[in-house]
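Visitor: Mind looking over this structure? Questions follow.
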Amino acid sequence: MGQPKSNNNQNSLKNVAIIMDGNGRWAKNNKLKITKGHEKGVGVVKDIVEECVTQNINTLTIYAFSSENWSRPKSEIDGIKTLIIKAISDQVPELIDQRVKLNFFGDIENFGSKIINKIDKAHKDTFLSNPSLELNVALGYGGRNDIINTSKILVKKVQDREIKIKDINEDIFSQHSLVPIDNIDLVIRTGGDRRLSNFLLFQIAYAEIMFIEKLWPDFTKEDFISAILTKVITTYTIRKLIIFIGAFKYDTRIFPNGSF
Ligand code: IPE
Ligand code: IPE
Ligand code: MG
37 MGQPKSNNNQ NSLKNVAIIM DGNGRWAKNN KLKITKGHEK GVGVVKDIVE ECVTQNINTL
97 TIYAFSSENW SRPKSEIDGI KTLIIKAISD QVPELIDQRV KLNFFGDIEN FGSKIINKID
157 KAHKDTFLSN PSLELNVALG YGGRNDIINT SKILVKKVQD REIKIKDINE DIFSQHSLVP
217 IDNIDLVIRT GGDRRLSNFL LFQIAYAEIM FIEKLWPDFT KEDFISAILT KVITTYTIRK
277 LIIFIGAFKY DTRIFPNGSF
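Take this note's numbering: the final residue in the sequence shown is number 296, and no numbers are missing along the way.
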């Protein structure tokens with residue numbers, strides 16, 4: 037069984053996920069090697085984490101490397117691995133200062149012992165029972181694989197008579213998924229493409245999805261604030277509209293039949 041995961045409230049913006057796309061195009065536009073694009077992208081993560089803490093966001097879940105990204109050239113993958121190690125070394129002290137808890141999820145085994153050890157230590161060093169923000173990093177993650185693996189775990193538990201088929205529900209499924217958060221309120225994808233690329237399929241069932249043209253290395257705190265404000269205003273407006281329509285619906289002086 038996994039740890040209890042953060043709660044969701046569909047009327048508030050507490051759990052944000054980001055598909056950080058566009059590093060390659062940014063590097064190309066600036067006549068730089070792709071690794072430089074990824075490096076610039078890591079710096080943006082630092083800014084957005086700071087802003088999440090300021091904005092009282094509970095969880096930020098970021099797509100750092102997908103299961104499909106293993107098909108990229110070895111030189112690019114090696115560059116990303118080196119960056120992961122450097123990013124953890126550089127950023128963990130600041131994460132501790134900001135009370136940010138760092139979690140990694142995905143097929144991390146494939147990244148090798150150096151990264152696994154680094155991740156384990158970072159997880160321990162940032163472990164807090166009441167953090168200001170949980171930063172969840174998807175590494176070697178694929179949503180379809182996660183659903184299939186979770187199904188296998190549950191089937192095995194049924195076979196071993198640990199649970200009954202009738203007990204399987206959304207909560208049980210979420211608890212056995214690799215993803216450390218049950219429900220995402222807002223997904224942001226930078227880079228202009230309008231797809232999910234196999235990210236968090238089960239957890240985004242009710243998420244608002246925003247596609248932003250800017251490439252990830254150009255994304256700023258201001259862009260992030262504007263995205264979360266748009267989501268909050270949309271939610272607020274819809275809620276107000278429902279209350280407004282409800283008031284009309286039940287105001288029998290205006291609509292004697294209770295309808296409009
Ligand atoms: C996303 O940027 C980062 C990773 C997938 C690791 P890309 O490298 O996909 O950038 P574009 O989409 O080619 O511009
Ligand atoms: C999504 O970007 C994955 C990450 C940001 C880690 P990709 O660039 O890999 O996605 P596709 O290939 O455009 O769908
Ligand atoms: Mg891309």
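For glycine and all other residues, C-beta sits at the position ideal for the given N, C-alpha and C.
Note that the structure is a prediction, hence the values are computed from the model and not measured.
Could you give the DSSP three-state label for K137: helix, strand or coil?
Guide: Note: K137 maps to strand in three-state DSSP.
Visitor: Rounded to whole angstroms, what's the CA-CA distance from L175 to S102? Just pull it up for me.
Guide: Whole-angstrom Cα-Cα distance: 6 Å.
Visitor: Quick one, are the C-beta atoms of W252 and V80 less than 8 Å apart?
Guide: Cβ distance < 8 Å, so W252 and V80 count as in contact.
Visitor: What separation, rounded to the nearest whole angstrom, lies between the Cα atoms of A243 and N51?
Guide: Looking at the two C-alpha atoms, the distance is approximately 9 Å.
Visitor: Assign W62 to buried or exposed, taking buried as 16 or more other Cβ atoms, counted over all protein chains shown, within 10 Å of its Cβ.
Guide: By the 10 Å Cβ count, W62 comes out buried.
Visitor: Please report the distance separating the alpha-carbon of S213 from that of L236.
Guide: Each residue's Cα considered, the two are about 10 Å apart.
Visitor: Just checking my contact of I220 with T90 at CB under 8 Å: how many whole Å lie between their CB atoms?
Guide: With a Cβ gap of about 20 Å, I220 and T90 do not count as contacting.
Visitor: Quick test of your reading: F260 and R225, contact by CB under 8 Å. State the CB separation rounded to the nearest angstrom.
Guide: With 8 Å as the limit, F260 and R225 do not qualify as a contact, their Cβ atoms being about 13 Å apart.
Visitor: Rounded to a whole number of angstroms, what is the C-alpha to C-alpha distance between L169 and V85?
Guide: Roughly 8 Å between the two C-alpha positions.
Visitor: Is DSSP giving E170 helix, strand or coil here?
Guide: It is a strand residue.
Visitor: With a 10 Å radius around its C-beta and 16 neighbouring C-beta atoms as the bar for buried, classify L277 as buried or exposed.
Guide: Exposed: under 16 other Cβ atoms inside 10 Å.
Visitor: What do you get for N43, buried or exposed, if any count of 16 or more other CB atoms within 10 angstroms of its CB means buried?
Guide: Note that N43 has pLDDT 45, beneath the 50 cutoff, so the model's placement of it is unreliable and no number is given.
Visitor: Quick check: does the Cβ of E104 come within less than 7 Å of any heavy atom belonging to ligand 2?
Guide: Yes, ligand 2 has a heavy atom inside 7 Å of this Cβ.
Visitor: Is G227 near ligand 3, going by C-beta to nearest heavy atom under 7 Å?
Guide: Yes; taking the cut-off as 7 Å, the Cβ of G227 has a heavy atom of ligand 3 nearer than that.
Visitor: From the DSSP secondary-structure annotation, give me the bridge partner or partners of F247.
Guide: Its beta-bridge partners are R225.
Visitor: Here's a check: name, in chain order, each residue in its chain whose Cβ is nearer than 8 Å to the Cβ of L119, leaving out the five neighbours to either side.
Guide: The answer, listed in chain order, is T71, H74, E75, V78.
Visitor: Any heavy atom of ligand 1 closer than 7 Å to the beta-carbon of D57?
Guide: At least one heavy atom of ligand 1 is nearer than 7 Å to the Cβ of D57, so yes.
Visitor: Taking 7 Å as the cut-off, is the beta-carbon of G60 closer than that to any non-hydrogen atom of ligand 3?
Guide: Because some heavy atom of ligand 3 lies under 7 Å away, the Cβ of G60 counts as near it: yes.
Visitor: Thinking N172 and P216 are a contact (beta carbons under 8 Å), I'd like their distance in whole angstroms, please.
Guide: Sure, about 5 Å apart at Cβ, within 8 Å.
Visitor: Residue ranges of each alpha helix (DSSP H) run of no fewer than 4 residues wholly in the region 158 to 224, ordered along the chain?
Guide: Segments of the alpha helix (DSSP H) lying fully in the region 158 to 224: 179 to 195, 206 to 212.
Visitor: Could you give the distance in angstroms between the alpha-carbon of I232 and the alpha-carbon of W106?
Guide: The question names Ile, but residue 232 in the sequence shown is Leu. Straight-line Cα distance between these residues: approximately 17 Å.
Visitor: Starting from T95, follow the beta strand (DSSP E) in both directions and report where the run begins and ends.
Guide: From DSSP, the beta strand (DSSP E) with T95 extends over 95 to 102.
Visitor: Among the candidates A241, I144, V268, I274, whose CA atom is the shortest distance from the CA of I93?
Guide: Considering only alpha carbons, the answer is V268.
Visitor: What does the Cβ neighbour count give for I279, buried or exposed, with the cut at 16 atoms within 10 Å?
Guide: Answer is exposed; the Cβ neighbour count stays below 16.
Visitor: Using the three-state DSSP reduction, which class does I132 fall into: helix, strand or coil?
Guide: Reduced to three states, the DSSP call for I132 is helix.
Visitor: Suppose you measure from the CA of G282 to the CA of T273; what does that come to, to the nearest Å?
Guide: Each residue's Cα considered, the two are about 14 Å apart.
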